[in-house]
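**Student:** Attaching a single structure in structure tokens format; questions to follow.
Residue numbers (the UniProt record's numbering): 1 to 757.
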């Protein structure tokens with residue numbers, strides 16, 4: 001039977017041949033949730049999920065479904081009967097010239113098996129691949145079925161993937177048909193696509209798919225400062241002498257290649273947190289003395305590791321064919337100095353691990369010392385002792401007391417005998433919360449023979465008597481001494497962000513950039529559009545140019561009350577604010593029977609403040625006169641004080657300005673209060689005037705534009721100090737009006753409107 005006949009999408013999805021697209025989609029969603037590898041831990045879940053996806057891909061496409069129903073195959077084989085197809089396949093068994101030759105798989109068994117071990121799923125990528133990319137770069141291929149271009153790059157991909165994997169590069173394959181979520185997350189919208197992943201950052205490959213370009217692409221992913229080239233005797237001494245500053249062993253590779261091998265760069269990236277790497281090209285003039293000093297065979301790659309002593313290597317490995325496994329074994333045994341300095345909590349946890357069992361006890365011998373020549377002799381003696389007593393169960397470390405004061409104080413209890421001197425502590429960690437047991441040498445460490453004998457005796461007793469560590473304490477986490485400053489970290493983050501944006505703008509697909517570009521151009525359009533509109537706006541706009549003196553407001557200062565009622569019938573003009581007095585005659589029409597949704601804004605004034613307050617009131621509310629739902633009135637405090645005080649009893653904290661009294665009646669001064677009355681819903685909002693001088697006018701604050709909305713007053717000037725304090729009562733009334741229109745002001749409800757006598 002033909003291979004295509006072994007796969008029945010109807011049977012896989014559990015639907016009949018007459019099922020509708022809705023039934024097929026419903027069955028696919030149910031099975032996909034059940035067999036997704038992220039949720040189903042069954043060993044065969046992955047293959048089952050692939051079959052389900054492939055079956056849905058065939059049945060959801062009407063053309064493929066019709067081909068399968070007619071020929072038992074989803075391909076375009078209308079010109080041949082199924083019987084002829086089987087005979088053709090059987091006759092050419094040796095040649096095997098069928099769909100698989102063109103990479104058109106119909107099930108997982110027909111797919112290329114070389115990529116199966118590299119297949120990635122979304123959860124696997126997020127939880128394992130991304131964290132691992134901080135140790136090694138990844139080269140990932142995005143592929144799919146029915147992809148002609150994928151066929152052309154397949155031979156090169158197989159060769160390069162095998163070669164780079166041996167060097168330590170991670171390889172991954174994403175099938176866009178089965179892992180659409182992951183493909184979209186990676187930003188791949190076409191197949192085939194190649195991309196690199198390092199430090200969690202994705203970079204797309206845009207060149208021709210050949211071996212040299214792919215190797216160079218992976219090499220370019222690596223940081224450029226991983227390996228320092230050592231080309232002279234002075235350069236070599238400077239490089240090895242940095243062990244104390246960097247607190248790392250230093251590695252030198254001697255090789256006859258003029259460029260640093262990719263394997264060595266990948267190794268340097270993997271161990272960059274523990275070791276510093278240098279490279280010596282033995283064919284370069286000036287390196288002969290260095291090669292002869294260490295007796296280097298220039299024809300065989302040699303790797304040396306230096307620790308505290310730069311005149312002799314701590315370990316050496318030499319091999320004609322330097323493999324990754326050999327290098328990893330060599331470096332993993334020499335990741336730390338003989339007496340490493342504790343510079344952060346992570347290093348402390350690695351050098352002094354938590355006790356897991358009685359047989360896996362590990363003790364740390366800590367030298368608490370200081371910096372400078374004063375402590376050099378004690379440190380050298382401790383280093384000599386550590387080199388002579390190296391064991392798997394012991395780790396020798398040192399720490400600077402002035403850089404880790406909390407650590408030192410917890411162990412030494414700030415005793416006077418250790419002040420200004422070095423001390424040795426033996427400790428054992430019990431948990432990650434910082435609990436330890438320890439014992440401190442009774443006397444300060446000076447490095448004498450007596451000190452060596454005492455410490456050696458304590459370590460011998462510790463083998464048989466773990467209870468020797470009798471003191472307990474809890475240590476706080478160590479400070480990270482080598483962490484860069486905040487400004488430098490911020491600068492690096494900014495540079496990385498700019499680099500990502502540049503790469504996305506010029507190399508990534510435009511689908512990813514369209515939302516950002518759309519937002520950018522929209523902001524620019526709004527910005528420049530606003531500038532252009534303002535530039536060509538009518539210069540006669542009342543907000544930009546003050547109205548002429550001939551234009552009137554209803555804040556008439558010298559007219560009687562009837563004039564305000566008369567002016568209410570006039571047609572409003574530009575720069576004109578219609579303000580009517582609230583009296584017992586118009587009380588019902590202007591308040592009690594006010595239409596729903598309409599409000600009357602009422603200014604409280606007295607005869608003595610009428611002129612000034614009406615001018616200021618008209619100026620503040622002028623910009624709101626365009627609203628047909630707002631009406632403006634004023635109420636005489638001299639006539640209707642009882643009505644006002646009754647209303648204010650329903651308002652919380654409605655007391656007037658302290659120490660302000662009416663001159664005539666020695667009663668509370670309510671002038672400058674503004675009430676927004678809603679007659680239909682029976683509530684009001686309250687504006688209380690500011691205190692005189694809080695945000696009052698400065699000298700010269702009586703500006704000319706105050707007269708733009710004047711009330712044709714014939715009285716005194718309003719620029720006197722007394723008028724200025726009265727006008728300040730309505731300071732920021734316009735902001736209160738904005739909140740009134742927004743509906744964000746507090747409302748005070750009353751049972752009914754009182755009569756206005």
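Just so it is clear, CB atoms sit at the ideal spot from N, CA and C, and this is done for glycine as well.
Since we're looking at a predicted model, the values are computed, not measured.
1) Helix, strand or coil for residue 491? Go by DSSP, reduced to three states.
2) What is the rounded straight-line gap between the Cα of residue 282 and the Cα of residue 207?
3) What are the complete beta strand (DSSP E) segments, minimum 3 residues, inside the UniProt domain "Thioredoxin" (97 to 223)?
4) Tell me the DSSP bridge mates of residue 532?
5) Should the segment 237 to 245 be regarded as contacting the segment 175 to 194, the criterion being three or more beta carbon pairs within less than 8 Å?
6) Quick one: Cα of residue 14 to Cα of residue 62, how far?
7) Taking the DSSP output, what are the residues bridged to residue 612?
8) State buried or exposed for residue 253, treating a residue as buried only when at least 16 other CB atoms are found within 10 Å of its CB.
9) If the criterion is Cβ atoms closer than 8 Å, does the pair residue 778 and residue 256 meet it?
10) Is the segment 464 to 479 touching the segment 403 to 410, taking contact as three or more C-beta pairs under 8 Å?
11) So does the segment 320 to 333 actually touch the segment 456 to 468, counting three or more Cβ pairs closer than 8 Å?
12) Just to confirm, is the Cβ distance from residue 310 to residue 178 under 8 Å?
13) Could you check how far apart the C-beta atoms of residue 444 and residue 418 are, in whole angstroms? I think they sit under 8 Å.
14) Is the number of C-beta pairs between the segment 268 to 281 and the segment 219 to 226 that are closer than 8 Å three or more?
15) Helix, strand or coil: which one does DSSP assign to residue 753?
16) Taking 7 Å as the limit between beta carbons, can you name the residues of its chain near residue 620, skipping five residues before and five after?
17) In three-state DSSP terms, what is residue 465?
18) When burial is assigned at 16 or more other CB atoms within 10 Å of the CB, is residue 633 buried or exposed?
19) Considering Cα atoms alone, identify which of 180, 53, 167, 33 is closest to residue 328.
20) Are three or more beta carbon pairs between the segment 388 to 400 and the segment 362 to 372 nearer than 8 Å?
21) The beta strand (DSSP E) spanning residue 676 covers which residue range?
22) Under 8 Å, with one C-beta from each stretch per pair, do the segment 672 to 688 and the segment 744 to 754 reach the 3-pair mark?
23) Tell me the rounded alpha-carbon separation between residue 154 and residue 42.
24) Does the Cβ of residue 530 have 16 or more other Cβ atoms within 10 Å, making it buried, or fewer, making it exposed?
25) Starting from residue 604 and walking both ways along the beta strand (DSSP E), at which residues does that stretch end?
26) Can you tell me whether residue 483 is helix, strand or coil according to DSSP?
27) Which whole runs of the alpha helix (DSSP H) in the segment 321 to 389 are 4 residues long or more, in chain order?
28) Does DSSP put residue 594 in a helix, in a strand, or in coil?
29) Would residue 236 and residue 290 be called neighbours here (beta carbons separated by less than 8 Å)?
30) Over the uninterrupted alpha helix (DSSP H) stretch that includes residue 429, give me the two end residues.
31) Taking the alpha-carbon of residue 736 as reference, which of 754, 331, 686 has the nearest alpha-carbon?
32) What residues are listed by DSSP as bridge partners for residue 685?
**Tutor:** Here's the rundown:
1) Start at 1 with the first residue of the chain shown, and residue 491 comes out as number 491. Residue 491: helix per DSSP, three-state reduction.
2) Along the chain shown, read from residue 1 onward, the residue named residue 282 stands at position 282. Along the chain shown, read from residue 1 onward, the residue named residue 207 stands at position 207. Their Cα atoms are separated by approximately 34 Å.
3) 138 to 143, 170 to 175, 193 to 198, 201 to 204, all fully within the UniProt domain "Thioredoxin" (97 to 223).
4) By 1-based counting over the chain shown, the position of residue 532 is 532. DSSP lists no bridge partner for residue 532.
5) No, the segment 237 to 245 does not touch the segment 175 to 194.
6) Stepping through the chain shown from its first residue, residue 14 is reached at position 14. Stepping through the chain shown from its first residue, residue 62 is reached at position 62. Roughly 18 Å separates the two Cα atoms.
7) The residue given as residue 612 occupies position 612 in the chain shown. DSSP lists no partner for residue 612.
8) Numbered from 1 along the chain shown, position 253 holds the residue referred to as residue 253. By the neighbour-count rule (16 or more Cβ atoms within 10 Å), residue 253 is buried.
9) Beyond the ends of the chain as shown, which are 1 and 757, falls residue 778; an answer cannot be given.
10) A contact between stretches requires three or more CB pairs, one per stretch, nearer than 8 Å, and the segment 464 to 479 meets this requirement with the segment 403 to 410.
11) Contact between the segment 320 to 333 and the segment 456 to 468 is absent, because fewer than three Cβ pairs lie under 8 Å.
12) As a first step, residue 310 must be located in the chain shown, where it is residue number 310. As a first step, residue 178 must be located in the chain shown, where it is residue number 178. Contact flag unset, no.
13) On the chain shown, position 444 is the one that residue 444 refers to. On the chain shown, position 418 is the one that residue 418 refers to. By a beta-carbon distance limit of 8 Å, residue 444 contacts residue 418. Their separation comes to about 6 Å.
14) With a cut-off of 8 Å on Cβ pairs, the segment 268 to 281 is in contact with the segment 219 to 226, counting three or more such pairs.
15) In the chain shown, residue 753 corresponds to position 753, counting from 1. In this structure, residue 753 counts as coil in the three-state DSSP scheme.
16) Locating residue 620 in the chain shown gives position 620, where the first residue counts as 1. If we look at residue 620 and ignore the five residues flanking it on each side, its Cβ neighbours are 730, 733, 734.
17) As a position in the chain shown, residue 465 is number 465, starting the count at 1. Of the three classes helix, strand and coil, the one that applies to residue 465 here is coil, per DSSP.
18) Locating residue 633 in the chain shown gives position 633, where the first residue counts as 1. With 16 or more other Cβ atoms within 10 Å, it is buried.
19) Counting from one through the chain shown, the residue named residue 328 turns up at place 328. Looking from the CA of residue 328, the closest CA among 180, 53, 167, 33 belongs to 167.
20) Here the segment 388 to 400 makes contact with the segment 362 to 372; the two share three or more CB pairs at distances below 8 Å.
21) Translated into the one-based positions of the chain shown, residue 676 becomes position 676. Secondary structure note for residue 676: its beta strand (DSSP E) is the uninterrupted segment 674 to 678.
22) Because the criterion of three Cβ pairs below 8 Å is met, the segment 672 to 688 and the segment 744 to 754 touch.
23) Along the chain shown, read from residue 1 onward, the residue named residue 154 stands at position 154. Along the chain shown, read from residue 1 onward, the residue named residue 42 stands at position 42. Taking the straight line from one Cα to the other gives about 31 Å.
24) Taking the first residue of the chain shown as 1, we reach residue 530 at position 530. Exposed, since its Cβ has fewer than 16 Cβ neighbours within 10 Å.
25) Against the chain shown, residue 604 aligns to sequence position 604. According to the DSSP assignment, residue 604 belongs to the beta strand (DSSP E) that extends over 599 to 605.
26) For the purposes of this step, residue 483 is identified with residue 483 of the chain shown, where counting begins at 1. Residue 483: coil per DSSP, three-state reduction.
27) Here the runs fully enclosed are 324 to 332, 345 to 351, 376 to 388.
28) Position 594 of the chain shown, counted from the first residue, corresponds to residue 594. The three-state reading of DSSP puts residue 594 in coil, since its state is none of H, G, I, E or B.
29) Here residue 236 is taken as the residue at index 236 of the chain shown, counted from 1. Here residue 290 is taken as the residue at index 290 of the chain shown, counted from 1. In contact: residue 236 and residue 290 (Cβ atoms closer than 8 Å).
30) As a position in the chain shown, residue 429 is number 429, starting the count at 1. Counting along the chain, residue 429 falls outside any alpha helix (DSSP H), though it belongs to the beta strand (DSSP E) covering 423 to 429.
31) Working through the chain shown from its first residue, we reach residue 736 at position 736. Residue 686 is the option with its Cα nearest to residue 736.
32) Here the question's residue 685 lines up with position 685 in the chain shown. As a beta-bridge residue in DSSP terms, residue 685 pairs with 676.
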